Structures are given as C-alpha cells and as structure tokens.
Ligand code: XMP
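Rendered as structure tokens:
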C-alpha cells in the first residue's frame, strides 16, 4: 500500500498547531470569516485545524474533483457546492482550506470562483506543497510543509477512494 511514511502523525499535529496559531493571529480582530474546505481530501486536515481555531468562523464546503482514480490531474477541475454559497461569501473574508498544492489547477479554479463571488479578501491554507514546477503558481498564505514529488496518501489523501484514514502521510507504493 505505501512505501514509506513522509509526514508522521506527530509532525502533522505540530504543523496543524502552527498553522492554527498563524490563522488565529491573522483574524483575531475579525468576525466575518468563512472557511471553505475543499472536499474530499481536506476534510481530515480541516477538522483538526478548525478545532484549534479560536476566532469566529463559519464553515462551508466545496467539492473539487479532477483526479478520477488516477495519480495525474486530468486538468479539468469540477466544482460542486451549495447554490447559496456564492451569495453567502460576498463581502466576507475567505479562508480556503486544501490538502495539497500539486499542479495548482484545483486551487486556481477555486480562487477564480471565489473572486467571481466578490469576497472581501481571500487567503489560502494548504497542508502540503509538492516541490515541483507547478502548472499554476499560487500564493499560499498559510503553508504547512513542503514535500518531495511523489503521489501521497493518508490524512485525507486517497488513491481511488482508499487510504484516507491513515493517520500519517505516506508515499503510495507503485
Ligand atoms: P492540484 O494538482 O490541482 O491537486 O494542485 C489538487 C488536488 O488533487 C489531489 N492530489 C492528490 N491526492 N495524493 C492524493 O491523494 C497526491 O499526491 C495528490 N496530489 C494532488 C488532492 O485532492 C488535491 O486537493
């Protein structure tokens, strides 16, 4: 199933705590914050992160899909969210929470969608960034860890819908 553990459970916990501290500090005087969790992969990360957030935050979800069971992005990113979401985020401060910045196609699509919705501000929080040449360059405001180029599983990240429940991040066995 996996070759080796890349990010241990303890490293994940510490990383989440550091990110939560940065987010708490950034939004400490705001009460207009909406966190948009990108499904499915960011669910586990977001749950742990939000449990350490001590500023008022409203939680929303946006489903993004492009991988369809392979280990390469198809490039065609589909977004699905509640119809009311567009109106709800107008004039608000958005924090996009995602699991991994790989090609950058997903986050680019999400960010463009949020901009169309006329949010007041948009920041990104991403657990992992692959150290590769990204097809799309994105500024990540709150970044957890940089990792090597490999297809990873665990802590919400899946291969064909499996391995999300692993309590660490590991490299998928070929
Ligand atoms: P992109 O390439 O658009 O990737 O930046 C964003 C989404 O693709 C999924 N992804 C992965 N999922 N292992 C996974 O299980 C990986 O190594 C991987 N790389 C990308 C993920 O859902 C992410 O949000």
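In the working numbering, the protein residues as written are 273 to 446.
Backbone N, C-alpha and C fix where the C-beta goes; we use that ideal spot for every residue, glycine too.
Fair warning: this is a prediction, and the values are worked out from it, not measured in the lab.
Contacts around residue i, its chain only, beta-carbon distance under 7 Å, and the 5 residues preceding and following it disregarded
| i | result |
| --- | --- |
| residue 352 | 335 |
| residue 428 | 313, 314, 315, 316, 317, 371, 436 |
| residue 376 | 406, 407, 408, 409, 410 |
Check: residue i C-beta below 8 Å from any heavy atom of the ligand XMP
| i | result |
| --- | --- |
| residue 343 | yes |
| residue 376 | yes |
| residue 313 | yes |
| residue 253 | Because the chain is modelled from 273 through 446, residue 253 falls outside the range shown and cannot be assessed. |
| residue 370 | yes |
| residue 327 | no |
| residue 431 | yes |
| residue 405 | no |
| residue 425 | yes |
| residue 402 | yes |
| residue 442 | no |
| residue 279 | no |
| residue 308 | no |
| residue 422 | yes |
| residue 379 | yes |
| residue 477 | Beyond the ends of the chain as shown, which are 273 and 446, falls residue 477; an answer cannot be given. |
| residue 349 | yes |
Inter-residue CB distance, residue i and residue j (contact presumed, cutoff 8 Å)
| i | j | result |
| --- | --- | --- |
| residue 309 | residue 333 | 5 Å |
| residue 437 | residue 419 | With 8 Å as the limit, residue 437 and residue 419 do not qualify as a contact, their Cβ atoms being about 20 Å apart. |
| residue 414 | residue 295 | 6 Å |
| residue 304 | residue 364 | 5 Å |
| residue 412 | residue 401 | 6 Å |
| residue 417 | residue 287 | 6 Å |
Assigned exposure category for residue i - 16 Cβ within 10 Å defines buried
| i | result |
| --- | --- |
| residue 346 | exposed |
| residue 397 | buried |
| residue 344 | exposed |
| residue 355 | exposed |
| residue 426 | buried |
| residue 292 | buried |
| residue 359 | exposed |
| residue 378 | buried |
Nonlocal neighbours in the same chain, by C-beta distance under 6 Å from residue i, ignoring five residues either side
| i | result |
| --- | --- |
| residue 318 | 309, 369 |
| residue 430 | 436 |
| residue 330 | 306 |
| residue 277 | 440, 442 |
| residue 374 | 402 |
Own chain residues within Cβ distance below 8 Å of residue i, not counting five before or after
| i | result |
| --- | --- |
| residue 362 | 389, 390, 391 |
| residue 348 | 338 |
| residue 300 | 327 |
Contact test: residue i Cβ vs the ligand GTP heavy atom, cutoff 8 Å
| i | result |
| --- | --- |
| residue 445 | This structure lacks the ligand GTP; the ligands present are the ligand XMP. |
Residue-chain proximity (residue i, chain C), Cβ-Cβ < 9 Å
| i | result |
| --- | --- |
| residue 314 | In summary, chain C is missing from the structure at hand, where a single protein chain is found. |
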